[in-house]
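Report on the structure given below.
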Amino acid sequence: MTSSTGFQTRPSRHGLPNARRRPSPSTDPALRVFTAATAVGLLHALDDAVLNRQPGVPVDQHLPALLAVALGAGLALLVFRRGGTGVRAALALVVGSVTVTNGGLHVVHVLSGEVSGSDVTGLLAAAAGVVLLLQAAALPYLHRGERGLDPWRRWAVRVATVVVTAVAMQFVVLSVCVGIVQTHLFRDQIDAPPDGFAPVSLESTDGLELSGWYSPSDNGAAIVLVNSAGGDRLGSVAHGLLLAEHGYGVLLYDARGSGESEGSPNGYGWDWDRDVAGAIDFLTDRADVEDGRIGALGLSTGADVLLEVGANDRRLGAIVADGTTASSLADVLAGDVFNKVAMAPVLGTVQLLSGTAPGPALRDLAPRVSPTPLLFVAAGGYPTEIAMTRVYAEAAREPVELWTLPDAGHTNAIHDEAEAYERRVVGHFDAALLDGPAAADTAAD
Numbered sequence: 012m013t014s015s016t017g018f019q020t021r022p023s024r025h026g027l028p029n030a031r032r033r034p035s036p037s038t039d040p041a042l043r044v045f046t047a048a049t050a051v052g053l054l055h056a057l058d059d060a061v062l063n064r065q066p067g068v069p070v071d072q073h074l075p076a077l078l079a080v081a082l083g084a085g086l087a088l089l090v091f092r093r094g095g096t097g098v099r100a101a102l103a104l105v106v107g108s109v110t111v112t113n114g115g116l117h118v119v120h121v122l123s124g125e126v127s128g129s130d131v132t133g134l135l136a137a138a139a140g141v142v143l144l145l146q147a148a149a150l151p152y153l154h155r156g157e158r159g160l161d162p163w164r165r166w167a168v169r170v171a172t173v174v175v176t177a178v179a180m181q182f183v184v185l186s187v188c189v190g191i192v193q194t195h196l197f198r199d200q201i202d203a204p205p206d207g208f209a210p211v212s213l214e215s216t217d218g219l220e221l222s223g224w225y226s227p228s229d230n231g232a233a234i235v236l237v238n239s240a241g242g243d244r245l246g247s248v249a250h251g252l253l254l255a256e257h258g259y260g261v262l263l264y265d266a267r268g269s270g271e272s273e274g275s276p277n278g279y280g281w282d283w284d285r286d287v288a289g290a291i292d293f294l295t296d297r298a299d300v301e302d303g304r305i306g307a308l309g310l311s312t313g314a315d316v317l318l319e320v321g322a323n324d325r326r327l328g329a330i331v332a333d334g335t336t337a338s339s340l341a342d343v344l345a346g347d348v349f350n351k352v353a354m355a356p357v358l359g360t361v362q363l364l365s366g367t368a369p370g371p372a373l374r375d376l377a378p379r380v381s382p383t384p385l386l387f388v389a390a391g392g393y394p395t396e397i398a399m400t401r402v403y404a405e406a407a408r409e410p411v412e413l414w415t416l417p418d419a420g421h422t423n424a425i426h427d428e429a430e431a432y433e434r435r436v437v438g439h440f441d442a443a444l445l446d447g448p449a450a451a452d453t454a455a456d
């Protein structure tokens with residue numbers, strides 16, 4: 012017997028139709044697969060956030076994120092149980108994409124030859140995500156009708172489902188996956204330091220132990236190197252060697268959650284200002300570094316962080332910001348609606364999963380860096396890098412310089428424009444930090 016809704020019903024012993032039974036994992040194979048795969052994803056989330064959390068991270072830091080993930084999974088299960096084939100396929104695609112992204116990071120990590128505590132459940136999550144993606148592809152082919160709908164309505168439902176799913180994938184799911192990647196950056200192996208550098212340990216102002224290398228100063232001045240999104244010291248070795256050759260003390264260190272330092276990773280550098288403050292404390296206590304002769308060079312994310320530090324810490328005597336980008340939604344260029352829409356779920360995901368939040372807009376921080384001398388280096392590697400950096404430079408107050416290099420890669424001017432980079436960057440630090448600055452050519456190239 013068929014009800015007016017198109018659902019198949021079963022007569023009762025009195026001849027009256029019973030209500031359609033709700034599907035359950037025991038009677039619905041698709042629901043059983045979805046439930047099992049989602050449970051595996053939740054297990055990995057628990058393992059990643061609590062059981063095998065990063066060193067130095069308190070047990071409660073990621074509990075709000077874990078709760079949000081659990082609530083989202085519960086809602087997905089509820090909708091999947093009640094939904095039609097199109098809805099089920101869309102849910103399997105969405106949940107599968109998120110799960111395979113999170114788990115896939117662990118696959119890459121294991122294949123690189125390194126293993127962390129949460130890699131086992133990460134591999135299981137990757138497999139569960141693949142199962143969900145296969146389910147999303149298979150459900151429409153296994154379905155033979157959309158609950159009694161006529162052909163035109165059936166196609167309308169399918170087209171609507173495809174359109175909604177495509178929009179969600181573009182502006183929500185893919186962005187969420189980017190946010191997951193930015194908060195799950197695996198640690199690189201740190202080998203022996205370069206010649207002239209020695210291992211050191213320092214502490215962030217919120218109590219995390221940070222690991223680094225230091226080359227003592229020959230001229231009484233020292234430079235802190237603040238790295239790009241990966242966070243560890245390996246990304247700025249070339250810059251450190253260049254400055255050390257000119258007599259500067261150089262501190263290379265791993266930002267929180269990277270390399271050998273404690274804490275959780277964050278590709279946008281939120282809370283890295285506390286690491287930089289700890290690095291300045293370290294240099295302030297060094298006998299080879301004179302008062303007022305500490306500078307900083309930041310690369311990409313590190314450049315963003317230095318605008319925040321420079322606006323609030325007068326112990327920095329000079330700053331080079333090489334490759335500033337966007338640290339928050341407020342930093343996206345005015346009129347760039349597509350990027351604002353795409354970035355919102357990315358940053359929201361990072362904020363939820365990391366338990367941290369972005370600081371003020373960089374264009375609001377830039378004028379507060381003055382009177383510290385500030386040099387912006389903007390390359391053409393990213394389509395919007397020069398335009399965004401120009402916004403920050405125009406907002407800043409003197410003394411400020413903007414050096415644009417359209418043909419250089421992002422933070423790669425030290426290689427692409429090696430001689431000019433040495434003159435401009437070393438010259439900037441010499442003029443600001445040394446009593447008798449070297450005759451470096453700081454004129455525009």
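For any residue, its number in the working numbering is found by taking its place in the sequence shown, counting from 1, and adding 11.
Where a beta carbon is used, it is the ideal one built from N, C-alpha and C, also for glycine.
{"query": "Residues that Thr415 bridges to, as DSSP identifies them", "result": "Ala389"}
{"query": "Euclidean distance between Cα positions of Ala171 and Thr49", "result": "25 Å"}
{"query": "Ala372 versus Ser338: straight-line alpha-carbon distance, rounded", "result": "7 Å"}
{"query": "Burial state of Pro162, where buried means 16 or more other Cβ atoms lie within 10 Å", "result": "exposed"}
{"query": "Tyr225 (DSSP reduced to helix, strand or coil)", "result": "strand"}
{"query": "Secondary structure, beta strand (DSSP E): runs of 3+ residues fully inside the region 278–348", "result": "305–310, 329–333"}
{"query": "Whole-angstrom distance between Arg304 and Ala442, CA atom to CA atom", "result": "11 Å"}
{"query": "Other residues of its chain near Gly215: CB distance less than 8 Å, five sequence neighbours each side excluded", "result": "Position check: residue 215 holds Ser in this sequence, whereas Gly was assumed. For Ser215, where only same-chain residues beyond five positions count, the Cβ hits under 8 Å are Leu221, Arg267, Gly274, Arg285, Asp286, Ala288, Gly289."}
{"query": "Same chain only: Cβ atoms within 8 Å of Val98, ignoring 5 sequence neighbours per side", "result": "Val90, Phe91, Thr172"}
{"query": "Nearest to Val316 (by Cα), restricted to the options Val235, Gly391, Phe349", "result": "Val235"}
{"query": "Identified DSSP bridge partners for Glu220", "result": "Glu214"}
{"query": "At least three beta-carbon pairs within less than 8 Å, the region 343–350 to the region 290–310", "result": "no"}
{"query": "CA nearest to the CA of Val51, picked from Arg198, Ala406, Val80", "result": "Val80"}
{"query": "Cβ neighbour criterion (16 or more within 10 Å) applied to Tyr394", "result": "Sequence check: residue 394 is Pro here, not Tyr. That one is exposed."}
{"query": "Gly260 - partner residues in DSSP beta bridges", "result": "Ala233"}
{"query": "Meets three-Cβ-pair contact criterion under 8 Å: the region 415–432 and the region 240–260", "result": "yes"}
{"query": "Under the three-state DSSP convention, the category Ala209 falls into", "result": "strand"}
{"query": "Residues near Leu445 in its chain [Cβ-Cβ closer than 7 Å; skip 5 each side]", "result": "Asn230, Ala232"}
{"query": "Whether Asn277 touches Thr336 by CB criterion (8 Å)", "result": "no"}
{"query": "Residue range of the alpha helix (DSSP H) that includes Gln181", "result": "Where Gln181 is concerned, there is no enclosing alpha helix (DSSP H), given that its DSSP letter is neither H nor E."}
{"query": "Arg379 - DSSP class collapsed to helix/strand/coil", "result": "helix"}
{"query": "Short Cβ contact (8 Å threshold) for Ala322 with Leu376", "result": "yes"}
{"query": "Extent of the continuous alpha helix (DSSP H) to which Ala429 belongs", "result": "429–444"}
{"query": "Span separating the alpha-carbon of Gly370 from that of Gly280", "result": "10 Å"}
{"query": "Environment of Pro75 [buried if 16+ CB atoms lie within 10 Å]", "result": "exposed"}
{"query": "C-alpha gap between Asp282 and Leu219, whole angstroms", "result": "11 Å"}
{"query": "For Gly140 and Val111, believed in contact at Cβ under 8 Å, the rounded distance", "result": "3 Å"}
{"query": "Assigned secondary structure, Pro75 (DSSP; H/G/I helix, E/B strand, else coil)", "result": "helix"}
{"query": "Phe440 classed as buried or exposed, judged by whether at least 16 other C-beta atoms fall within 10 angstroms", "result": "buried"}
{"query": "Through-space distance from Leu385 to Leu57, alpha-carbon basis", "result": "44 Å"}
{"query": "With 16 other Cβ atoms within 10 Å as the buried cut-off, status of Tyr152", "result": "exposed"}
{"query": "For Gln146, the first and last residue of its enclosing alpha helix (DSSP H)", "result": "130–153"}
{"query": "Residue range of the unbroken alpha helix (DSSP H) whose run includes Leu122", "result": "96–122"}
{"query": "Straight-line gap, Arg297 to Pro205 (C-alpha atoms, nearest Å)", "result": "20 Å"}
{"query": "Neighbour-count burial assignment, Gly246, 16 or more Cβ in a 10 Å radius", "result": "buried"}
{"query": "Residue environment, Ala390, which counts as buried when at least 16 other CB atoms sit within 10 Å", "result": "buried"}
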